[in-house]
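The block underneath contains the structure these notes are about, expressed in structure tokens.
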Amino acid sequence: MAIRFQKPDYIIIYVSDMERSIAFYRDMLGLPLKFSSPGWTELATGEITIALHRTLAPEGQASELTARVPAGHAQLGFIVDDLQTAYEDLKARGATFSMAPEKQPAGRVFAVLHDPDGLGITLQQR
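So the working numbering is basically just the index in the sequence shown, starting at one, shifted up by 1.
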């Protein structure tokens, strides 16, 4: 079965200061704010969401995922039809993952794949 990647769904930009980054993207660039929280903010940019993800948790501790991705880096996100099948197929073909399919506190399940240069690519099934 061939993996079917749908269009990119979002781009995650890792940030060190959420409020400062919101001010830049919303006020300086004029991107409308979709919603905001201390660790995750989304900007309404049409079909592809730009998400800001704080590199440190509000209490100042790095999460397992963001400890590997410093501020100033970005990650792509794709929707796939069947996440577990995509993960298993890509692993069998030699793909490198830093996170196997895992349920997150918000209820979403995703995995993180890396391209040859280390760029993170989140795979998610909706």
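We put the CB at the ideal spot given by N, CA and C, even for glycine.
Check: DSSP state of residue 86, grouped into three classes?
Finding: helix
Margin query: Taking 8 angstroms as the threshold (C-beta atoms), are residue 80 and residue 125 in contact?
Written below: yes
Next item on the list: Kindly provide the ranges of any alpha helix (DSSP H) runs that are 4 or more residues long and lie completely inside the region 4-82, ordered along the chain.
Entry: 19-23
Next item on the list: Compare the beta carbon distance of residue 101 and residue 112 with 8 angstroms and say whether it is the shorter of the two.
Entry: yes
Next item on the list: Can you have a look at residue 49 and say buried or exposed, based on whether 16 or more other CB atoms are within 10 angstroms of its CB?
Entry: exposed
Margin query: Taking 7 angstroms as the limit between beta carbons, can you name the residues of its chain near residue 127, skipping five residues before and five after?
Written below: 80
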